[in-house]
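Undergrad:
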Amino acid sequence: MCGMNLAFDRELIGPAMYFGLMGDGQPIGRYDDMWAGWCTKVITDHLSLGIKTGLPYIWHSKASNPFVNLKKEYNGIFWQEELIPFFQSVTLSKEATTVQKCYLELAKQVRAKLGKVDGYFNKLADAMVTWIEAWDELNPPKGAITTTNGPALKSNAD
-8 MCGMNLAFDR ELIGPAMYFG LMGDGQPIGR YDDMWAGWCT KVITDHLSLG
42 IKTGLPYIWH SKASNPFVNL KKEYNGIFWQ EELIPFFQSV TLSKEATTVQ
92 KCYLELAKQV RAKLGKVDGY FNKLADAMVT WIEAWDELNP PKGAITTTNG
142 PALKSNAD
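Sequence positions in the sequence shown follow the numbering used here and run -8 to 149.
1) Should E72 go down as buried or exposed, given a rule of 16 or more other Cβ atoms within 10 Å for buried?
2) Roughly how many angstroms separate the alpha carbons of Y94 and F10, rounded to a whole number?
3) Tell me the start and end of each unbroken alpha helix (DSSP H) in the region 2 to 59 that is at least 4 residues and wholly inside, in chain order.
4) Along the alpha helix (DSSP H) that carries L105, what are the first and last residues, could you check?
5) For A125, count the other beta carbons within 10 Å of its own beta carbon; 16 or more makes it buried, fewer makes it exposed. Which is it?
6) Using only alpha-carbon positions, find the residue among R21, V33, L(-3), N(-4) that is nearest to T88.
7) Which class does L83 belong to by DSSP, given the choice of helix, strand or coil?
8) Under a three-way DSSP split, which group does A(-2) fall into?
9) Is DSSP giving T121 helix, strand or coil here?
10) Compute the Euclidean distance between the alpha carbons of K63 and G41, then round it to the nearest angstrom.
11) Take I4 as the anchor and find which of D127, T35, Y22 has the nearest alpha-carbon.
12) Kindly confirm or deny that the region 105 to 115 and the region 48 to 60 touch, where touching means at least three C-beta pairs closer than 8 Å.
This is the structure we're talking about:
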């Protein structure tokens, strides 16, 4: 999955769209959109939701330095030997009936199975849980939204 050509139903699958811990200070780079794609695929399969793929709407190309890229990507290349089989075999319980529940179960399995590969995956599992906590706090269910100032006052014109 490429994050540059990505569209999704925020209410349906939005909580799965966490791109992971990447960038400065992390041992991996440029696998953020792949991580979100792998997680989303597991969750949508489990919940029997559809995914549509196709040609990108926007084509991009940029100058690239293979030595710089390799420095950013070598852990990801190496870790794919563990990541791909993990995502191919991961299963979620019958109790995982929402994207959030699926993602939290997935975070536990990331810690248990990939945490042995590198400590990075333990931090990533923690970040996945934090992501869902933040998602739920900032995206309350419809009808659960309350105003901090109380209900609006009726005007005399009503």
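Glycine is no exception: its CB is placed at the ideal position from the N, C-alpha and C atoms.
TA: Taking the geometry as given:
1) The residue you call residue 72 lines up with position 81 of the sequence shown. E72 comes out exposed.
2) Here residue 94 corresponds to residue number 103 of the sequence shown, with the count starting at 1. Here residue 10 corresponds to residue number 19 of the sequence shown, with the count starting at 1. The straight-line gap from Cα to Cα measures roughly 13 Å.
3) 23 to 37
4) Along the sequence shown, one-based indexing puts residue 105 at 114. Careful: L105 lies outside any alpha helix (DSSP H) and carries neither H nor E.
5) The sequence position of residue 125 within the sequence shown is 134, counting from 1. Exposed.
6) By one-based count along the sequence shown, residue 88 stands at place 97. When C-alpha distances from T88 are compared across R21, V33, L(-3), N(-4), the shortest belongs to V33.
7) Numbered from 1 along the sequence shown, position 92 holds the residue referred to as residue 83. In the three-state scheme derived from DSSP, where H, G and I count as helix and E and B as strand, L83 is classed as coil.
8) Mapped onto the sequence shown, residue -2 falls at position 7. Coil at A(-2), not helix or strand.
9) Here the question's residue 121 lines up with position 130 in the sequence shown. T121 falls in the helix class under three-state DSSP.
10) To locate residue 63, count along the sequence shown from 1; it is residue 72. To locate residue 41, count along the sequence shown from 1; it is residue 50. Straight-line Cα distance between these residues: approximately 32 Å.
11) As a first step, residue 4 must be located in the sequence shown, where it is residue number 13. Comparing Cα-Cα distances from I4 to each of D127, T35, Y22, the minimum goes to T35.
12) no
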